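Participant:
Number of protein chains: 2
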Amino acid sequence: MAFKHITSRDNPVFKQLRKLVDQSRERKKTASSLLEGVHLIEAYWQVYGEPRLLIIPEGQSSVEATGLIQQLADVDTMLLPTLMFAELTPVASSSGVMALVDIPEAVVPSTIDFALLIEDIQDPGNLGSMLRTAAAAGVQIAYLTQGCTDAWSPKALRGGQGAQFVLPVVEGVNALSLVSAFGGQTLALTMQGDSLYQQNLREPLLFAVGNEGAGISKALQSAVDTCITIPMAHQGTLALESLNAAAATAVALFECQRQRLALSLA
Amino acid sequence: MAFKHITSRDNPVFKQLRKLVDQSRERKKTASSLLEGVHLIEAYWQVYGEPRLLIIPEGQSSVEATGLIQQLADVDTMLLPTLMFAELTPVASSSGVMALVDIPEAVVPSTIDFALLIEDIQDPGNLGSMLRTAAAAGVQIAYLTQGCTDAWSPKALRGGQGAQFVLPVVEGVNALSLVSAFGGQTLALTMQGDSLYQQNLREPLLFAVGNEGAGISKALQSAVDTCITIPMAHQGTLALESLNAAAATAVALFECQRQRLALSLA
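Just so you know, the protein sequences line up as chains R and S, in that order.
Under full-length UniProt numbering, think of the first position of the first sequence as 1, with each following residue one higher.
Under full-length UniProt numbering, think of the first position of the second sequence as 1, with each following residue one higher.
#1: Whole angstroms are fine: how far does the CA of R/Q198 sit from the CA of R/Q192?
#2: Considering only their Cβ atoms, is the gap separating R/L40 from R/T133 smaller than 8 Å?
#3: When the Cα of S/T190 is compared with those of S/S242, S/S153 and S/P204, which residue comes out closest?
#4: By alpha-carbon positions, which one of S/L157, S/S177, S/L68 and S/E119 ends up nearest to S/A208?
#5: Using DSSP with H/G/I as helix, E/B as strand and the rest coil, what is S/Q164?
#6: Is it true that the region 120-132 of chain R meets the region 157-164 of chain R, where meeting means three or more beta-carbon pairs spaced less than 8 Å apart?
#7: Report buried or exposed for R/R52, applying the criterion of at least 16 other Cβ atoms within 10 angstroms of its Cβ.
#8: Which residues does DSSP pair with R/T226 in a beta bridge?
#9: Spatial neighbours of S/A239 within its chain, please: CB distance less than 6 Å, with the 5 preceding and 5 following residues excluded, ordered by chain position.
#10: From the DSSP output, which residues share a beta bridge with R/K15?
#11: Pull up the DSSP beta-bridge partners for R/N200, would you.
#12: Expressed to the nearest angstrom, what Euclidean distance is found between the alpha-carbon atoms of S/V224 and S/V179?
#13: Report the rounded CA-to-CA distance for R/Q16 versus S/A246, giving the unit in angstroms.
#14: Exposed or buried, which one is S/V251 when buried takes at least 16 other CB atoms within 10 Å?
#15: Which of the three DSSP states is assigned to S/I41 in this structure?
#16: Quick one: list the residues of chain R neighbouring S/S129, beta-carbon separation under 7 Å, in chain order.
#17: Is DSSP giving S/I69 helix, strand or coil here?
#18: R/M232 touches chain S at which residues, Cβ-Cβ below 7 Å?
#19: In terms of alpha-carbon separation, which member of R/Q23, R/N200, R/Q71 and R/M78 lies closest to residue 267 of chain R?
#20: Does the CB of S/F254 have a neighbour CB from chain R at under 8 Å?
#21: Please say whether R/P154 and R/S33 have beta carbons closer to each other than 8 Å?
#22: Give the DSSP bridge partners of residue 271 of chain R, in chain order.
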């Protein structure tokens, strides 16, 4: 391994890392991104092998970070002053290690039984959380519209906690074409529609979820087979009861999971 | 109404507002807090009446903010330079209005059929999201342990989107005493336990959910009747599949809601 102590912001590798943090275009062009923290780096390593570069701050790293750095002793390592490291990390208190990694290509499964379509989600943390939920619920593939934030940004990776490594994510999708081509039922999660709990969710399906503020676009609502709603308490009493996009996605996808488990038990 | 244009950080009212943003103790001592944005202020107004003070930034406010300010024309209003306003708001891009309000006392319902116990949640946004989910799922009361972040901080209020106005929130609760006194079944959401979907959730119950990192404490796990798990896909294949605290809470509370709806339909 090569070990470098960089202290200048003009260092070309550091400048490149800054670009990868800030620019979706740069991440896509170079098919690389940055991972923050021991858990995420271990998860990547388990699935895709060693990262290209470890980045650590001067001073104290956590015990876990130090352990990981020792295990990955043959990976090139860059030591940075605390303030320069802080420019790269998406979290306020880092565990003291980041990694530069290749973004793998999404491997689309040959038969798709349970797919998620995410329309125009803006917040990287929300997107990451939705992908994490999807992976846990057994979704096989996540399609993201062009209006979505980048699934491989450091913040979205942090929110996903490794979901992007096990769940194929296809970005830049045209939602209407996808829905019309999908060989199964297509559903959209909306504020008004059929009850989630009265829907047969055991057959092959594509579930569409929408933007934090606006929800699913009218065009996509018209394109899907059925609009679905999560029944809520006190509905209509006050305009207060609602779910945020990530929570609504969790409820919907796990209702699919529940029905499918019941089927596999039966 | 009184309209004041404040430009000095030494203004005693502005200093008091800063304290309310920063200090949980000050919010509790004065039983007051700050709301950010039109939606939240409207929701508060609908439930508890007019806020004590409106706070607006110089320059452009959104159309919605301007409309609200006109409707609340008899409420005292403070105009602040943009930078001073930014010191008060918990969001990066404000809709251009905040309000100083009284924190109401929690009204505990006489019979409790569906309660949530939140143990040591640290992140105000997560806590707010969990309260929002709980209100939507029909939870009647939320108990927060002493280790929880303050439910009435501007950030938690923002995350709750009005949940704190309709859901009684009791803070500083001793979890073990509460569980032993509760007159119904007590459940804890954990990584290992009985399947959520095989549990009868129609009877009076208290659901305990835990901290983002550590989950439910061992002491609380031992104290409850049953530990419950959300079955996940690929469990054990990789250590990646899990849910964040807010998503897990959403899945669990809406499974209660689903079973209760089925009962009310039957």
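In this text, a Cβ means the ideal position worked out from N, Cα and C, and glycines have one as well.
Keep in mind the model is a prediction, meaning the values are calculated, not measured.
Facilitator: Let's see:
#1: Numbered from 1 along the first sequence, position 192 holds the residue referred to as residue 192 of chain R. Numbered from 1 along the first sequence, position 198 holds the residue referred to as residue 198 of chain R. Cα to Cα, the separation comes out at about 14 Å.
#2: The residue labelled residue 133 of chain R in the question sits at position 133 within the first sequence. The residue labelled residue 40 of chain R in the question sits at position 40 within the first sequence. Their beta carbons are not under 8 Å apart, which means R/T133 does not touch R/L40 by this criterion.
#3: Locating residue 190 of chain S in the second sequence gives position 190, where the first residue counts as 1. Taking only the C-alpha atoms, the option nearest S/T190 is S/S242.
#4: Here residue 208 of chain S is taken as the residue at index 208 of the second sequence, counted from 1. Ranking the options by Cα distance to S/A208, first place goes to S/E119.
#5: Your numbering for residue 164 of chain S matches position 164 in the second sequence. In the structure shown, S/Q164 sits in a helix (DSSP, three-state: H, G or I).
#6: yes
#7: For this step, residue 52 of chain R is matched to residue 52 along the first sequence. Answer is exposed; the Cβ neighbour count stays below 16.
#8: Here residue 226 of chain R is taken as the residue at index 226 of the first sequence, counted from 1. In the DSSP output, where bridge partners are listed per residue, R/T226 has R/L187.
#9: In the second sequence, counting from the first residue as 1, residue 239 of chain S sits at position 239. Any answer about S/A239 is weak, because its pLDDT of 47 lies below 50 and its placement is not dependable; what the coordinates show is given next. Closer than 6 Å at Cβ, skipping near neighbours: no residue.
#10: Counting from 1 along the first sequence, the entry for residue 15 of chain R is found at position 15. Note: R/K15 sits in no beta bridge, so no partner.
#11: Taking the first residue of the first sequence as position 1, residue 200 of chain R is located at position 200. None, per the DSSP bridge assignment.
#12: For the purposes of this step, residue 224 of chain S is taken as the residue at position 224 of the second sequence. For the purposes of this step, residue 179 of chain S is taken as the residue at position 179 of the second sequence. Using only the alpha carbons, I get a separation of about 7 Å.
#13: As a working mapping, residue 16 of chain R is identified with position 16 in the first sequence. As a working mapping, residue 246 of chain S is identified with position 246 in the second sequence. Going from the Cα of R/Q16 to the Cα of S/A246 covers about 35 Å.
#14: The residue you call residue 251 of chain S lines up with position 251 of the second sequence. Burial call: buried.
#15: Counted from its first residue, the second sequence places residue 41 of chain S at position 41. Here S/I41 sits in helix by DSSP.
#16: Here residue 129 of chain S refers to the residue found at position 129 of the second sequence. The answer, in chain order, is N244 and A247.
#17: Walking along the second sequence from the start, residue 69 of chain S turns up at place 69. Here S/I69 sits in helix by DSSP.
#18: If you number the first sequence from 1, residue 232 of chain R lands on position 232. Neighbours of R/M232 on chain S, chain order: A136.
#19: Chain R is shown only over 1 to 266; residue 267 of chain R falls outside these bounds and no answer can be derived.
#20: Here residue 254 of chain S is taken as the residue at index 254 of the second sequence, counted from 1. Interface residue, yes.
#21: For the purposes of this step, residue 33 of chain R is taken as residue 33 along the first sequence, with counting starting at 1. For the purposes of this step, residue 154 of chain R is taken as residue 154 along the first sequence, with counting starting at 1. Closer than 8 Å, so yes.
#22: In the structure as shown, chain R begins at 1 and stops at 266. Residue 271 of chain R is therefore absent and cannot be evaluated.
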